[in-house]
Structures are given as structure tokens and as C-alpha cells.
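Q: In this note's numbering, the protein residues as written are 15 to 207.
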Ligand code: ADP
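(1) Using three-state DSSP, classify residue 44 as helix, strand or coil.
(2) According to DSSP, what are the bridge partners of residue 183?
(3) Could you check if residue 54 is buried or exposed, using at least 16 other CB atoms within 10 Å of its CB as the buried criterion?
(4) Within the present structure, is the beta-carbon of residue 29 separated from the nearest heavy atom of ligand 1 by less than 7 Å?
(5) Tell me, please, which residues DSSP counts as bridged to residue 97.
(6) Figure out for me which residue from 161, 48 and 103 has the closest Cα to the Cα of residue 131.
(7) Does the beta-carbon distance from residue 99 to residue 17 come in below 8 Å?
(8) Taking Cβ to Cβ, would you say residue 153 is nearer than 8 Å to residue 22?
(9) Let me check you understand the geometry: is the CB of residue 54 closer than 7 Å to at least one non-hydrogen atom of ligand 1?
(10) Figure out for me which residue from 189, 65 and 200 has the closest Cα to the Cα of residue 28.
(11) Which word fits residue 203, buried or exposed, when buried means at least 16 other C-beta atoms lie within 10 angstroms of its C-beta?
(12) Quick one: Cα of residue 199 to Cα of residue 136, how far?
(13) Tell me, to the nearest whole angstrom, how far the beta carbon of residue 159 is from that of residue 72; I am working on the premise that it is less than 8 Å.
(14) Have a look at 191, 177 and 102 and flag the residue whose alpha-carbon is nearest the alpha-carbon of residue 167.
(15) Residue ranges of each beta strand (DSSP E) run of no fewer than 3 residues wholly in the region 41-93, ordered along the chain?
(16) Tell me whether residue 108, by its Cβ, gets closer than 7 Å to a heavy atom of ligand 1.
(17) Using 8 Å as the threshold, is the C-beta distance between residue 65 and residue 79 below it?
(18) Go through its chain and collect everything with a Cβ distance to residue 33's Cβ below 7 Å, but skip five positions before and after it.
(19) Measuring only from the beta carbon, is residue 74 closer than 7 Å to any heavy atom that is part of ligand 1?
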């Protein structure tokens, strides 16, 4: 079974939580660019420290830093049979970069899921997470910037994947288990045996 999947959705849609659940269910790794940047910054690496200049403002980290990081992660053996990308691609140039990495290996995406959640709900969730986890980018101005950038740069990717016939939309509102069930049902028709 091949399971090459992208999970899209605004900040606070619950992508991280659901990506881990889908990964366990389908036996493939989750690749979260946000987590990779945070881990790199926590380790004091140059890449992570540079990325933090952007993440702390809610901006996208430049493609020159992001694309190679993802390409390198996708080259690891555990991603050979599939992966769940959480937070990548986030703009049209990254769509092209990802296509190239996959094409070089004679593979392509099976499915892209867009989790829909209303902007008021994501703002509320992110403010709650700020208190719980203390993430530096979960403050109101930065959250607004992340949502604005999502709308401007990332949301248009849905059209691209619709035109390829691989986009599935899922309502992200509801209990965590309920949303997982919806995602699994949405993914199944696209996953080759
Ligand atoms: P959220 O989806 O809640 O914004 P993430 O953990 O996915 O959280 O991302 C945190 C930050 O990391 C983003 O605001 C952005 O600055 C940076 N980032 C993550 N993925 C990418 C990407 N594909 N391209 C550029 N920057 C990214």
C-alpha cells in the first residue's frame, strides 16, 4: 500500500494531532516542517535559528531553507513507502519542489486533505494552546499573520490539487476521534493497494 499524503488546513485546524493518528493507522511517518524547525532551533543549529527569525513573526521560512530540509527527510528509508506531510507545501513554489522530489523517485502524491475549520475557531484554539504549550508563535498578532498567510499563500494550493483530482475536503470541527474517522474515510478511496 502506498500512502503519500499531504494534510492542509489553517493554523489551529488540528493537523498535527490528526497527522499523528493517521500515521499510526497507516504505518507511515509524519513529517511536520514546523516540528523540524522547532527541533532544529532547540538544538541550536544554524538552520533552526535562521528559521526562528521567520516563525516568530508568523512568516513563511524561505523556500531555500525549507525545500532541502523536506527533500532530505523524504530521502530517509522510513518514508519510502509513504508519509504524511503536515505543513508542507505551503506555497505554489513548494508544490513544484515537492513534485520534483517525488518524480525523481518515480512517485507522486496519492491524496491531499484539506481540513476546514472556521477562522474564529482556529483563533480561539490557538489562544488556548498558547496558554497550554507556550509556543512563541501563539500570540495574537502572530496568529493573525499566520492565518492571513495561510489564506493568501496556502489556500490556493487546494485548486491545484482539485485539478489533479486528488483533493479531499474534511470538516475539522468536532471531537478528535470523530475527525480522525472522517479523515480515514476520506483517504481510503485514494490509497492504492
Ligand atoms: P501552524 O500550522 O499552527 O502555523 P506549524 O508548526 O505548521 O504551525 O508551523 C509553524 C511555523 O513554521 C509557520 O508559521 C512557519 O513560519 C514555519 N513553517 C512551517 N512549515 C513551513 C513551510 N512549508 N514553509 C515555510 N515555513 C514553514
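The C-beta atom is built at its ideal place from N, Cα and C for all residues, glycine as well.
Because the structure is a prediction, the values reported are computed rather than measured.
A: Quick look at the numbers:
(1) strand
(2) 128
(3) Classification for residue 54: buried.
(4) yes
(5) Partner(s): 18.
(6) Closest option to residue 131, Cα to Cα, is 161.
(7) Inclusion of residue 99 and residue 17 in the CB contact set at 8 Å is not warranted, their separation being larger than that value.
(8) No, these two residues do not count as a Cβ contact at 8 Å.
(9) no
(10) 189
(11) exposed
(12) If you draw a straight line from the Cα of residue 199 to the Cα of residue 136, it comes to about 23 Å.
(13) 3 Å
(14) 102
(15) 44-46
(16) yes
(17) yes
(18) 21, 44, 46, 98 and 100
(19) yes
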